[in-house]
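Step one of this worksheet: look at the structure below.
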Amino acid sequence: MACSLAASLSSRLPNITLSRHSSRILPTTTIRQPLRCFSSTVVSPSTENNNNFDNFYDVTIVGGGVVGSSLAHLINRRMPSLKVAVLESRECPPSPPSIDRVPHPRSYALSPASLQVLSDSVVSRLPLGHYDSMQVWQAKSPSVLTFTARDLDADPSKVTYLGACCEDQPIVATLWEELMKSPSTECITNARLKSLQTGHPSALALAKLEDGTEIQTPVIIGADGGNSWVRKSSGISKIGGEYEQSALTFTVSLRDSMTRRAFQRYLDDGGPMALLPTFSSYHAVVVWSAIPEVLARWKDAPEEDFVAYLNECLQEGPQRVPSLLEGTIGNSSGSGILTNFVYGTERVLDTLHYGLAMASQHPDPTFQVPPRIEGVVTPKFTFPLSCYQSTSYTKGRVALVGDAAHTVHPMAGQGLNLGLGDVGTLVFCLEKAHRAGMDLSSFLHEYDSNRHRSVSISLGGIHTLQRMFRAQNVPVQHIKTFGMNMIQNVGPLRRQLAVAAAHGIAL
Numbered sequence: 001m002a003c004s005l006a007a008s009l010s011s012r013l014p015n016i017t018l019s020r021h022s023s024r025i026l027p028t029t030t031i032r033q034p035l036r037c038f039s040s041t042v043v044s045p046s047t048e049n050n051n052n053f054d055n056f057y058d059v060t061i062v063g064g065g066v067v068g069s070s071l072a073h074l075i076n077r078r079m080p081s082l083k084v085a086v087l088e089s090r091e092c093p094p095s096p097p098s099i100d101r102v103p104h105p106r107s108y109a110l111s112p113a114s115l116q117v118l119s120d121s122v123v124s125r126l127p128l129g130h131y132d133s134m135q136v137w138q139a140k141s142p143s144v145l146t147f148t149a150r151d152l153d154a155d156p157s158k159v160t161y162l163g164a165c166c167e168d169q170p171i172v173a174t175l176w177e178e179l180m181k182s183p184s185t186e187c188i189t190n191a192r193l194k195s196l197q198t199g200h201p202s203a204l205a206l207a208k209l210e211d212g213t214e215i216q217t218p219v220i221i222g223a224d225g226g227n228s229w230v231r232k233s234s235g236i237s238k239i240g241g242e243y244e245q246s247a248l249t250f251t252v253s254l255r256d257s258m259t260r261r262a263f264q265r266y267l268d269d270g271g272p273m274a275l276l277p278t279f280s281s282y283h284a285v286v287v288w289s290a291i292p293e294v295l296a297r298w299k300d301a302p303e304e305d306f307v308a309y310l311n312e313c314l315q316e317g318p319q320r321v322p323s324l325l326e327g328t329i330g331n332s333s334g335s336g337i338l339t340n341f342v343y344g345t346e347r348v349l350d351t352l353h354y355g356l357a358m359a360s361q362h363p364d365p366t367f368q369v370p371p372r373i374e375g376v377v378t379p380k381f382t383f384p385l386s387c388y389q390s391t392s393y394t395k396g397r398v399a400l401v402g403d404a405a406h407t408v409h410p411m412a413g414q415g416l417n418l419g420l421g422d423v424g425t426l427v428f429c430l431e432k433a434h435r436a437g438m439d440l441s442s443f444l445h446e447y448d449s450n451r452h453r454s455v456s457i458s459l460g461g462i463h464t465l466q467r468m469f470r471a472q473n474v475p476v477q478h479i480k481t482f483g484m485n486m487i488q489n490v491g492p493l494r495r496q497l498a499v500a501a502a503h504g505i506a507l
């Protein structure tokens, strides 16, 4: 519905106060009423009435997780004069934990570009598990892909690592500590939205909380996850579907120290199993994607059997590609000429596969066996896998970021990297309007077109890879092996994929 600011301010919103059910977390130790904000950066027919409205914010962010708090932090750094509200439905996050503990399995693999979005002041206080290289290989194939920091930049002084793994809770807690230092940001906890009005283009968005608080803002951003309330309330639909897979994640202890290398192997069923470094040299996080029945069986299996199976999967090195005769031509059927032709073709392919695998020009081509797993040291968590994308990332004064805009398969490790890519692009568009003295929503359409195009490419690539690696027929195995060998040997192609992954585009 169209929102007439002049009418709403004079009749319905003369005195706005907070109920006791929501809490504002401010830089000081006392709770105070929100300051009046006279915004000179928002140009609209309704700006003249902002002086009468206590709960006005230049930018309102719904969701105080990693993406939402990163967005608020980047706005503070780039446009410190803007008044920002972060609405979080939960309590204030606890203080960052000490490093004298077992790493939590809810972790992310962050690219150098994502760490730049977080800022040095945040990254320097995070417990990170850096890795200089990533090794990718698959069952029934001699090929191995190895990406290193040198693939991101030929100058090792510019990029010293390929990525870093970090838990969710320390990132959120550290970001909130930064936000609470900012006099222009208010973090409102236990805040649950009841309604959102963004109808008329000339009126500011009006968000109503369940406790009666009403907030006006020229830009409201949904960073509230895959089940986004903001997306649904704005009438933005999504397309995609559920995979026939789930993910199982947990932390393991290691016999030997974890090298600065991340490992990912595609198993016989096509599901990837990743072993990711943590801030603790003798701990790693396992992320395993498979059909739910397989994960359910192993999740409840005796630990000794489970650990043995994990080591069996991850300790296995490159293998021979299955014979083309398997499942194509039986031993007792078909002509001898055709059988000999297929056999000869297979020998040529074997020579090609192994020749390419051994001829790798990569500066660090050696296959490394991952450290042996000693035990599982945390509870195991499972979650379904899906691939969804909103049909639009913006609508009027609303913008979506992170999982509210898109969800991806974890096989390429791009979920949070894509979300932080959204943050960087959105802040650029907001800053463009801010510097021009225009309505902050003026360039949201540029954010939509830019990120929708980039993420669509990512989702398409991840979806194709997921389907391809799940296919286990022998001809496809040969095609996958040839493709991986070509990527490993063609330096520009390998480097292009590494750079794309580091900037929030699918690997």
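Mapping of the sequence shown onto the UniProt record's numbering: position 122 corresponds to residue 122, and the numbering continues sequentially without gaps.
Using N, Cα and C, we set each Cβ at its ideal position, and we do this for glycine too.
At a Cβ-Cβ threshold of 9 Å, Ala262 and Ala109 count as neighbours. Cβ atoms of Ala433 and Leu440 come within 8 Å of each other, at about 5 Å. Using a Cβ-Cβ distance cut-off of 8 Å, the stretch 59-78 and the stretch 173-189 are in contact, since at least three pairs of beta carbons, one from each stretch, lie closer than that value.
If the five residues before and after Val398 are omitted, its C-beta is found closer than 6 Å to the C-beta atoms of Thr198, Ile220 and Ser234, all from its own chain and listed in chain order.
Met273: member of the beta strand (DSSP E) spanning Pro272 to Pro277, first to last residue. DSSP, reduced to helix, strand and coil, places Pro183 outside both helices and strands of the structure shown, so it counts as coil. Met134 has Phe147 and Ala262 as its beta-bridge partners, per DSSP. For Phe56, DSSP records a beta bridge to Gln216. For Ala205, the enclosing beta strand (DSSP E) begins and ends at Ala205 to Leu209. For secondary structure counted as the beta strand (DSSP E) over 3 or more consecutive residues, the stretch 45-126 holds these complete runs in sequence order: 59-62, 84-87 and 107-110. The three-state secondary structure of Ala301, taken from DSSP, is coil. The Cβ atoms of Leu416 and Val455 do not sit closer than 9 Å to each other. In the DSSP assignment, Lys432 falls within the unbroken alpha helix (DSSP H) covering Gly415 to Arg435. Rounded to whole angstroms, the gap between the alpha carbons of Phe383 and Tyr266 is 19 Å. Judged by beta-carbon spacing, Ile291 lies within the 9 Å limit of Glu244, meaning their Cβ atoms are closer than that value. Only residues of its own chain outside the window of five on either side were considered, and among them Gln264, Tyr266, Ser289 and Met411 have a CB closer than 6 Å to the CB of Pro272, listed in chain order.
For the pair of segments examined, the stretch 83-102 was found to touch the stretch 168-181: the number of CB pairs separated by less than 8 Å reaches three. If you look at Val376, you'll find it in the beta strand (DSSP E) that goes Ile373 to Val376. When the alpha-carbon of Leu118 is set against those of Pro142, Glu316, Trp176 and Lys208, the nearest one is in Trp176. Take Lys194, set aside five residues on each side of it, and the residues of its chain with a beta-carbon closer than 8 Å to its own are Lys208, Leu209 and Glu210, in chain order.
DSSP places Val230 inside the alpha helix (DSSP H), whose first and last residues are Trp229 to Ser233. Shown here, Leu400 sits in a strand according to DSSP, grouped into three states. In this structure, Glu316 sits away from Gly375, with a CB-CB distance that is not shorter than 9 Å. The beta carbon of Trp229 lies closer than 8 Å to those of Val62, Leu193 and Gly222 in the same chain, with the five residues before and after it left out. Nearest C-alpha to Gln138 among Leu444, Gly421, Phe367 and Pro318: Pro318. Ser143 and Asn311 have their C-alpha atoms roughly 20 Å apart. With contacts defined by Cβ atoms closer than 9 Å, Pro127 and Phe279 form a contacting pair. In this chain, Gly225 is not harboured by any beta strand (DSSP E), its DSSP state being neither H nor E. The alpha carbon of Ala191 has as its nearest neighbour, out of Ala113, Glu88, Arg255 and His406, the alpha carbon of Glu88. Taken through DSSP and simplified to helix, strand or coil, Gln368 comes out as coil.
Across the structure, Lys181 and Thr259 are spaced so that their CA atoms are roughly 37 Å apart. Just so you know, the alpha carbons of Val369 and Gln135 end up roughly 10 Å apart. Residue environment: Arg231 is assigned as buried (16 or more neighbouring CB atoms within 10 Å of its CB, all protein chains considered). Straight-line measurement puts the Cα of Phe381 at about 20 Å from the Cα of Pro97. Cβ-Cβ distances below 8 Å link Arg372 to Leu254, Arg255, Asp256, Asn311 and Gln315 in the same chain, with the five nearest sequence neighbours on each side left out; the list follows chain order. In the three-state reduction of the DSSP assignment, Pro379 falls in the coil class.
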